[in-house]
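According to the working numbering, the sequence shown holds residues 174 to 379 in order.
By construction, the Cβ of each residue, glycine as well, lies at the ideal position given by its N, Cα and C atoms.
A quick note: this is a predicted structure, and the numbers were derived from the prediction, not measured.
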Amino acid sequence: MTSSADPALLVAILRGLPSTEAPTVGTALYGAGIRTLEVPLTTPDSLRSITALRSCLPEDVQVGAGTVRTIEDVARAHEAGASLIVSPHVDPAVIGAALARSMRCLPGVATITEALTALAAGAAELKVFPADQVGTSGLRAWRTVLPEGIALYPVGGVGAANLAIWAAAGADGFGVGGSLYQPGMGTSDLVAGAKALVAAHRALCC
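Now the structure itself:
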């Protein structure tokens with residue numbers, strides 16, 4: 174696949190987001206062009222943050238839960254308002270629980286064996302994690318054996334400066350965390366970083 178400017182392919186990872194700051198952060202990112210948000214469940218207050226984001230943002234925004242490890246996590250995230258599940262690993266039960274709720278699902282894979290296991294469980298999008306371990310050369314090799322149409326999202330060390338490098342290696346989407354958001358950062362810095370990220374993403378299709 175060729176990366177496009179579809180905003181669903183750009184996932185903002187909001188690790189450590191307090192629920193009290195969720196409306197401000199979410200609104201700022203929306204204004205900058207971000208349309209997919211992920212709050213890792215390892216974040217204290219994560220479920221309330223997910224609910225707060227879902228409540229304050231338009232329907233064209235997808236709010237997700239990250240670091241989802243169990244079917245119970247899937248259920249809690251869904252109840253909180255998440256429509257996206259992102260995992261650090263491959264668990265067919267977690268994938269099945271997400272798909273049964275019509276949730277978008279990105280299981281984490283670090284090897285081609287894990288990737289094929291996730292696809293066999295029903296996944297159509299894969300989180301490549303940790304991306305710096307797989308590398309761009311590894312991603313290129315994966316593309317030669319994976320079925321056409323499977324979306325790959327490198328996560329870990331990905332940002333505006335290297336989106337084009339990952340896209341050239343075969344990435345379709347991108348998960349961007351620490352280079353975009355840190356707890357307590359100012360709104361102006363957040364917006365500036367998000368606009369730069371969105372601009373870099375849009376440039377991939379031109």
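Point to revise | Cα-Cα separation between Y203 and V241, rounded to whole angstroms | key: Within the sequence shown, numbered from 1, the residue matching residue 203 stands at position 30. Within the sequence shown, numbered from 1, the residue matching residue 241 stands at position 68. Between Y203 and V241, the C-alpha separation is close to 24 Å.
Review point. CB-CB under 7 Å to M174, same chain, minus the five flanking residues each way: which ones, in chain order?
Key: On the sequence shown, residue 174 is found 1 positions in, with the first residue counted as 1. With a pLDDT of 40 at M174, under the threshold of 50, the modelled position of that residue is not reliable, and no figure is offered here.
**Study point:** With 16 other Cβ atoms within 10 Å as the buried cut-off, status of M381
**Key:** Because the chain is modelled from 174 through 379, residue 381 falls outside the range shown and cannot be assessed.
Check your understanding: From T200, V364 and V331, pick the residue whose C-alpha is nearest to that of D233; which is it?
Key -> Counted from its first residue, the sequence shown places residue 233 at position 60. When each option's Cα is compared against that of D233, the closest is T200.
Review point. Residues bridged to G239 by DSSP?
Key: Taking the sequence shown and counting its residues from 1, the one referred to as residue 239 is at position 66. BP columns for G239 point to P213.
Check your understanding: Of all the beta strand (DSSP E) runs that stay within the bounds of the segment 300-324, which reach a length of 3 or more residues?
Key -> none
Practice item. Quick one: grab the DSSP three-state call for L257. Key: Mapped onto the sequence shown, residue 257 falls at position 84. It is a strand residue.
Practice item. Report the rounded CA-to-CA distance for L336 versus T209, giving the unit in angstroms. Key: Here residue 336 refers to the residue found at position 163 of the sequence shown. Here residue 209 refers to the residue found at position 36 of the sequence shown. For L336 and T209, the distance between alpha carbons rounds to 16 Å.
Review point. Nearest-angstrom Cα distance between A297 and G281?
Key: What you label residue 297 is simply residue 124 of the sequence shown in a count that begins at 1. What you label residue 281 is simply residue 108 of the sequence shown in a count that begins at 1. Looking at the two C-alpha atoms, the distance is approximately 12 Å.
Check your understanding: For P265, which residues does DSSP report across the bridge?
Key -> Mapped onto the sequence shown, residue 265 falls at position 92. According to DSSP, P265 bridges with nothing at all.
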